[in-house]
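Chains as they are written, first to last, in my numbering: chain A, 3 to 202; chain B, 33 to 599. Yeah, the Cβ is synthetic: ideal placement off N, Cα and C, and Gly gets one too. To start, the structure under review is shown below, and the notes come after it.
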Amino acid sequence: MLREIRPAIVLLLLLTAITGLAYPLAMTVIAGAIFPVQAQGSLIERDGKVVGSALIGQEFKDDKYFHGRPSATLAPDPNDSTKTVSAPYNAANSGGSNLGPTSKALADRLKEDVDKLKSENPNAAVPVDLVTTSASGLDPDISPDAAQFQVPRVAKARNMPEDQVKQLVASSTQGRLIGLIGEPRVNVLALNLALDRAAK
Amino acid sequence: MTAIGWLQIILYCVVIVALAKPLGWYMTRVFNGERTFLSPVLRPIEAGIYWFSGVDEKREQHWLTYTVAMLLFHVGGFLVIYGVMRLQSVLPLNPAGQGAVAEDLSFNTAISFITNTNWQNYGGESTVSYLVQMLGLTHQNFLSAATGIALAVALIRGFSRASMRTVGNFWVDVTRCTLYVLLPICVVYTLFLVSQGIPQTLGDYAEATTLEGAKQTIAVGPVASQVAIKMLGTNGGGFFNANASHPFENPTALSNFVQMLSIFTLGAALTNVFGRMVGNQRQGWAILAVMGVLFVAGVAVTYWAEAGGTSTLHALGLTGGNMEGKEVRFGIVASSLFAVITTAASCGAVNAMHDSFTALGGMIPLINMQLGEIIVGGVGAGLYGMLLFVVLAIFVAGLMVGRTPEYVGKKIEAREVKMAMLAILVLPLMYLGWTAVGVVYPSAAASMANAGPHGFTEVLYAFTSATGNNGSAFAGLTGNTLFYNLTLASAMFVGRFFMIIPAMAIAGSLAAKKSIPPSAGTFPTTGGLFVGLVVGVILIIGGLTFFPALALGPIVEHLAMNAGQLF
């Protein structure tokens, strides 16, 4: 048994060095060379300033922008570090609401959001993804239905014809991979950037 | 449920089965010590490792020595993780300036990663440095996975050998598994993941000014290299708090599909390794068939439940299924499928929040773990868990016909059955026992995030996940308390080692037995009757053990939901 002690130490250290240092560091160098944009987080710049990541949702409240899904992410309370406060789309602390199917808090939140959206656009059914929080709280996408739902509000706020906004939504919609894998979706930040460009 | 949803599920199953045979062929060569196409590059490194660490690769070990070597290896791994977590504030590669991690949280995390559980009471991006992610966590993702596979191979050798005292050399198995199987796949896999958008950088968190002028700090890091092994090694510990639902851990539908494949692929291939080593690949396919039956049944229930939605959603006229806690790019089907896969294997990565699943949709992941994650299972752990049930099923069949049971040429006798029962009984003792404590002990009960039966399910899920070394959670539960850090660590520890040690004892006792040729009275273990028998034994034992607990949690919650009651 005693002769197993040397490998338990030396072999562990060697394999730790290979898998815990050499492997991630080598991958950082290689990936950074082949995919420099993705490796840094797919950051998007406008006029030389970073406005976000193509993959990370951000909060939109203005009527002239398409809104993403509700986000349940939290941040430490600035007044009391043992508590947390709501901080939608906090990309340094991802997470979901974790409210269960029989949660009263969830039912109340859903009802409030549905009522708000119904008053905004009484003519369409409220899409489920527009009132439910995502798992990460950073979902960059909404469903095509959720984008269509917001077209009247955005068009009105921007004084743009609805058809033009609809066209932008259509061109920002991504389908399923090979028509099969995943779900159709619209990247909210990309759509809003396209809107801003069209307005110029 | 939609046709396109089912097509995605079918495509997934087809690819897993198609990969099992070639991977099984390759892994068999690796563990038999034969040359592979990577030998020209890797053989010198392998030989160098043995030379430095004083391992004689020709010397095989008795099952007890093999087990002791494995335990020593775990002790070392524990010390490395605990050390870097406690010292991270003074060590390099800490751009976000994270402080030292508390003792109880470091203890819990170290146990969590050496046992291949990867239960996370910490939030990755808000608690630990890049160095901890790499040196502490990524390395143990490799080694705990390699250990699991090594143990499964040792057990297979027990079945395939005759009249031998040894079951292989632990150091050689771990080294070869890491170098020839896990690392090469991960190198390619990491590059694929980066191409999909997963960051791989040592730079600072990015600062963005959003279109509306708000500040957004975006956590990045050496994510892809860790995600690759986290999935392939069925570890499941996320770089970020939100795990594989975070767009930086799982950016596209394609990355999601490949991640789901990588959870199952090595475990499924091990059934083929088993078949090859015992000399009949059909023995392996029969085991995979048992797994397949249980898996597809689970997927069907969860998909049906999630697509159906909840009564709260229906009351508001919301259609399209239960999207609370799910990402748009995955939708209902890929979230349901992922949840069943990650708990069928002992992975525990999540691409949707299981806590927000419907009562029945969330019950299937719970059942998968309570069965011992034998459906494909963790790399290695699933196969040896399944073989324990096979031993029992064969024993039951033997009782029915009144002959000494045999399996792949080995007599199954009292010692094997006792060991199998020990492993199968210790697990429920852990998760049911601790759950009972967790719901009555006042400071522990305060950790529940949801009221009513859902709160009970959160506690049951936590201890089941820890005992099963899964690591997924009903994440509303506040796990980072002294009570949960210590009790969950004990559940993970017992769940790992009281499975491994009996399995190794069986390996040793089987290897020493003579091989007997099949005769007219041998119960055939490659056909539908055998598959049905094993499925039946699993469901009966499982059902008797945990049905009462399920009745108090998800089942009563489902009934309450249908009655319109909220908590």
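With a cut-off of 8 Å on Cβ pairs, the segment 261–279 of chain B is in contact with the segment 157–175 of chain B, counting three or more such pairs.
A Cβ of chain A is located within less than 7 Å of the beta carbon of SER388(B). Taken in chain order, the members of the segment 48–74 of chain A whose beta-carbon sits within less than 9 Å of a beta-carbon on chain B are ARG48, LYS51, VAL52, VAL53, GLY54, SER55, ALA56, LEU57, ILE58, GLY59, GLN60, GLU61, PHE62, LYS63, ASP64, TYR67, ARG71 and ALA74. Nearest CB-CB separation between GLN42(A) and chain B: below the 7 Å threshold. Close partners of GLU244(B) in chain A (Cβ separation under 9 Å): GLN60, GLU61, PHE62, LYS63, ASP64 and TYR67. Excluding residues up to 5 positions away in sequence, GLY59, GLN60, GLU61, SER73, THR75, GLY139 and LEU140 lie with their Cβ nearer than 7 Å to the Cβ of TYR91(A) in the same chain. Sequence-distant Cβ neighbours of ALA159(A) in its own chain, meaning closer than 6 Å and more than five residues away, are ASP65 and LYS66. Using beta-carbon distances, GLU122(A) does not count as an interface residue toward chain B, since no partner is under 7 Å. 7 Å or more divides the Cβ of VAL305(B) from the Cβ of VAL331(B). GLN248(B) has a beta carbon lying within less than 7 Å of a beta carbon in chain A. Secondary structure within the segment 408–483 of chain B: the alpha helix (DSSP H) runs of 4 or more consecutive residues, fully enclosed, are 413–433, 446–472 and 474–477 (chain order). Note that the segment 77–88 of chain B does not touch the segment 161–173 of chain B; fewer than 3 beta-carbon pairs, one per stretch, sit closer than 8 Å. Put simply, the segment 88–104 of chain B does not touch the segment 214–223 of chain B. Fewer than three CB pairs are less than 8 Å apart. Per DSSP, ILE58(A) lies in no beta strand (DSSP E) segment and is marked neither H nor E. Any Cβ of chain B closer than 7 Å to the Cβ of PHE37(A) would place that residue at the interface, and such an atom is present. Using a Cβ distance threshold of 7 Å, ASN153(B) and LEU137(B) count as a contacting pair.
Counting only residues of its own chain and dropping the five nearest sequence neighbours on each side, MET33(B) has a CB closer than 7 Å to the CB of TYR335, TRP336 and ALA339. Listed along chain A, no residue sits closer than 8 Å to ASN502(B) by beta-carbon distance, the nearest being about 17 Å off. Nearest neighbour of GLY268(B) by Cα position, chosen from ILE548(B), ILE36(B) and VAL382(B), turns out to be VAL382(B). When only Cα atoms are considered, ALA200(A) and SER227(B) end up about 29 Å apart. Nearest Cα to ASN312(B) within the set VAL440(B), LYS358(B) and LEU302(B): VAL440(B). Beyond the five residues adjoining it in sequence on each side, THR342(B) comes within less than 7 Å, by CB distance, of ASN354, THR390 and MET593 in the same chain, given in chain order. The beta carbons of LYS442(B) and THR436(B) sit no closer together than 7 Å. Under the 8 Å Cβ criterion, the segment 201–218 of chain B does not count as touching the segment 161–177 of chain A, having fewer than three qualifying pairs.
SER192(B) sits close to VAL310(B), with the two beta carbons spaced by under 7 Å. Among the residues facing chain A, MET33(B) is not included, as its CB has no counterpart in that chain under 7 Å away.
When the Cα atoms are used, VAL252(B) and ILE46(A) turn out to be separated by approximately 14 Å. Taking a 10 Å sphere around the C-beta of ASN502(B), we find 16 or more other C-beta atoms and assign the residue as buried. DSSP lists no beta-bridge partner residue for HIS171(B). When C-beta atoms of the segment 183–200 of chain B are compared with those of the segment 400–419 of chain B, three or more pairs fall below 8 Å, so the two segments count as touching. One Cα belongs to ASP115(A), the other to VAL46(B), and the distance between them is close to 41 Å. Judged by beta-carbon spacing, SER173(A) lies beyond the 7 Å limit of VAL188(A), meaning their Cβ atoms are not closer than that value. Note on geometry: alpha-carbon atoms of ASN148(B) and ALA300(B) lie some 18 Å from one another.
Per DSSP, LEU4(A) is not a residue of any beta strand (DSSP E), being assigned neither H nor E.
In terms of Cβ geometry, ASN100(A) and GLY380(B) do not form a close pair [threshold 7 Å]. The Cβ atoms of ILE146(B) and GLY109(B) sit closer than 7 Å to each other.
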